[in-house]
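Structure first, then comments.
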Amino acid sequence: MKKWVVFLGLAFVLLTGFVVAINHADAASLIPLDLSKPESSQVEKPTASPSAEQDFQELKNKAQARIGEGWLYMRSFEKFDVDPPQEEGVIPLVDTTGDLWYYVNASGYVERFVTIFRTMDGKIQQVGVYSDGTAWNTMVDEIVEMAPFRFEPSDYGLPYGFRSPDFKSQKTVLENGLEVVRFTFTKQAEKPYKSLDYQASAPIVSHESSYVFDAVSGFFISKTDIVTMEDGTQRVFTYLEEEIKFDVKPPSDVLAYFELKKQREEQK
Numbered sequence: 094m095k096k097w098v099v100f101l102g103l104a105f106v107l108l109t110g111f112v113v114a115i116n117h118a119d120a121a122s123l124i125p126l127d128l129s130k131p132e133s134s135q136v137e138k139p140t141a142s143p144s145a146e147q148d149f150q151e152l153k154n155k156a157q158a159r160i161g162e163g164w165l166y167m168r169s170f171e172k173f174d175v176d177p178p179q180e181e182g183v184i185p186l187v188d189t190t191g192d193l194w195y196y197v198n199a200s201g202y203v204e205r206f207v208t209i210f211r212t213m214d215g216k217i218q219q220v221g222v223y224s225d226g227t228a229w230n231t232m233v234d235e236i237v238e239m240a241p242f243r244f245e246p247s248d249y250g251l252p253y254g255f256r257s258p259d260f261k262s263q264k265t266v267l268e269n270g271l272e273v274v275r276f277t278f279t280k281q282a283e284k285p286y287k288s289l290d291y292q293a294s295a296p297i298v299s300h301e302s303s304y305v306f307d308a309v310s311g312f313f314i315s316k317t318d319i320v321t322m323e324d325g326t327q328r329v330f331t332y333l334e335e336e337i338k339f340d341v342k343p344p345s346d347v348l349a350y351f352e353l354k355k356q357r358e359e360q361k
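First residue of the sequence shown: 94, per my numbering; consecutive thereafter.
Written out as structure tokens, the structure reads:
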């Protein structure tokens, strides 16, 4: 029996042997993307790791408390800075946008969803549709059984940083006046190593992650992953933004995917 496991957080849908990254966004309405210019901080209060973990849990509780019955709409944008693939068969990472609609019931479970991912030129990469206990992914054209799952706000793997000795949080006010909490941690490699994403570059010696959450709502805003090479070069491996809105019903062309899924099931 094949199943889809949904991680609403780095949000990912895992289909047997196939990974679908749930990213989506309208970059114009999110925090401006300028990787060369760090966010301006008016207030910064570094805290020790235990306090940082507590900050994260408080944000998670705030976000979860805001999840109610009805349609929930998420948008994200993800940008990569990697070397072109050097090995045959390696699928290159591409910048993507996406749009996700989830219907959450009164018990907090997702009953239906449609997720659409596009390249930066607007071309649809894949669509995921879930309803009536089954899910359909258009890229692999498979329909699998899938039980309702609780919707949990994104954290994109931040708890992984709890194990880092330099894991910390900073309470900050951005230039646009938004109060946020930024979490940072760095993983030092035991020895320099080569990555498939940087075959043409020097070996990697460290990996730094930075997460930004809305201090008021508790929701994830952005994530930046930076790798440092043995020669001192730094590259922004990935930058991810996300926005979430409530009571946004899918437009008719999105709702039409439920009927398309039904027709595809009848053909199987």
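We put the beta carbon where it would ideally sit given N, CA and C, even for glycine.
Small disclaimer: the values here were computed from a predicted structure and weren't measured.
Assigned secondary structure, residue i (DSSP; H/G/I helix, E/B strand, else coil)
{"i": "TYR286", "result": "strand"}
{"i": "PHE276", "result": "strand"}
{"i": "LYS354", "result": "helix"}
{"i": "TYR253", "result": "helix"}
{"i": "LEU267", "result": "coil"}
{"i": "SER345", "result": "helix"}
{"i": "GLN292", "result": "coil"}
{"i": "GLU245", "result": "coil"}
{"i": "GLU323", "result": "coil"}
{"i": "ASN116", "result": "Because the pLDDT at ASN116 is just 31, under 50, the model does not fix this residue reliably, and the value given afterwards should be weighed accordingly. In this structure, ASN116 counts as coil in the three-state DSSP scheme."}
{"i": "GLN360", "result": "helix"}
{"i": "THR317", "result": "strand"}
6 Å CB neighbourhood of residue i in its chain, flanking five on each side removed
{"i": "SER172", "result": "The residue you asked about is not Ser; residue 172 is Lys in the sequence shown. Counting only Cβ-Cβ distances below 6 Å, and skipping sequence neighbours, we find ASP188, TYR332."}
{"i": "ALA321", "result": "The question names Ala, yet the displayed sequence has Thr at residue 321. Cβ within range, chain order: VAL298, SER299, GLN327."}
{"i": "PHE351", "result": "SER224"}
{"i": "ASP318", "result": "SER302, PHE330, THR331"}
{"i": "LYS155", "result": "GLY311"}
{"i": "PRO185", "result": "PRO178"}
{"i": "PRO285", "result": "PRO296, VAL298, GLU323"}
{"i": "GLY325", "result": "none"}
Under 7 Å between C-beta atoms of residue i and residue j
{"i": "PHE278", "j": "PHE260", "result": "yes"}
{"i": "LYS354", "j": "VAL222", "result": "yes"}
{"i": "ARG205", "j": "SER224", "result": "yes"}
{"i": "VAL197", "j": "LEU165", "result": "yes"}
{"i": "PRO344", "j": "GLU323", "result": "no"}
{"i": "VAL380", "j": "ASP148", "result": "Residue 380 lies beyond the range of the chain shown here (94 to 361); nothing can be said about it."}
{"i": "PHE242", "j": "GLU146", "result": "no"}
{"i": "LEU271", "j": "TYR304", "result": "no"}
{"i": "ASP192", "j": "ILE217", "result": "no"}
{"i": "GLU334", "j": "PHE170", "result": "yes"}
{"i": "SER257", "j": "PHE276", "result": "no"}
Beta-carbon proximity list for residue i, same chain, < 8 Å, skipping 5 on both sides
{"i": "VAL183", "result": "LEU289"}
{"i": "GLN292", "result": "ASP176, PRO178, GLN179, GLU180"}
{"i": "ILE236", "result": "THR227, ALA228, TRP229, LYS354, ARG357, GLU358, LYS361"}
{"i": "LYS153", "result": "PRO246, ASP248, GLY311"}
{"i": "LYS287", "result": "PRO296, ILE297"}
Same chain only: Cβ atoms within 7 Å of residue i, ignoring 5 sequence neighbours per side
{"i": "TRP194", "result": "TRP164, TYR166, PHE206, VAL207, PRO343, VAL347"}
{"i": "THR231", "result": "GLN219, VAL220"}
Could you tell me which whole beta strand (DSSP E) segments of length 3 or greater appear in the segment 131-208?
You should have 163-173, 189-197.
At a cut of 8 Å, does the segment 334-342 reach the segment 149-165 through at least three beta carbon pairs?
Touching, per the Cβ criterion.
Does the segment 309-316 touch the segment 246-257, meaning 3 or more C-beta pairs lie closer than 8 Å?
Counting Cβ pairs under 8 Å, three or more are found: they touch.
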